[in-house]
Amino acid sequence: MDGGEASMHLEATTDSRWAVALELLESGQTWIGLADLVLSCDPATDRVRRRLHVEFPCPVDPVYAGSPPSARLGDLANAALNRARELIGTTCDTDPRFRTLVAESDVLYEFAYGQRGLLVATGRPSGALTWRQ
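Under our numbering, read the sequence shown as residues 17 to 149, first letter to last.
See the structure below:
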């Protein structure tokens, strides 16, 4: 998920800039921050529908010799995924335009380490995480 030239960070959808941020997100022009999430959209094509990336932070370095990240970070990642899903759900409940964006998108949750960096695991709106090797 590469952020483009501009980005915007909001703590909540009650921020006066939410409508502008949502417009930028819908257009795919840039990524936006919402609380501790980073959201971005890939535009739809003739073959695939729009993808909404929901990046949530991995707070510890996943690279550690001796054990896979899924063994060390599984509980932490699942809790973070649930918080990300809850925030997206709450935002859908409070904003019809965002709800439409989510409904019309292929939503991918991304557990990433570092400043928009290393992808550790991915998830969907329901189900378990898929860990990267």
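C-beta: ideal position from N, C-alpha, C; glycine also.
Grouping DSSP H, G and I as helix and E and B as strand, with all else coil, what is residue i?
i       : result
Arg-101 : helix
Ala-93  : helix
Asp-77  : coil
Ala-28  : coil
Arg-113 : helix
On the criterion of 16 or more Cβ atoms from any shown chain inside 10 Å, does residue i qualify as buried, or is it exposed?
i       : result
Pro-59  : exposed
Pro-78  : buried
Gly-139 : buried
With a threshold of 8 angstroms on Cβ separation, who are the neighbours of residue i within its own chain once the five nearest residues in sequence on each side are excluded?
i       : result
Ser-121 : Cys-57, Arg-65, Arg-66, Arg-67 and Leu-68
Between residue i and the rest of its own chain, which residues show a CB-CB distance below 7 angstroms, the 5 nearest in sequence each way excluded?
i       : result
Phe-114 : Leu-38, Thr-107 and Cys-108
Tell me whether the beta-carbon of residue i lies closer than 8 angstroms to the beta-carbon of residue j.
i       : j       : result
Val-118 : Phe-127 : no
Leu-145 : Leu-97  : yes
Leu-53  : Glu-42  : no
Trp-147 : Ser-86  : yes
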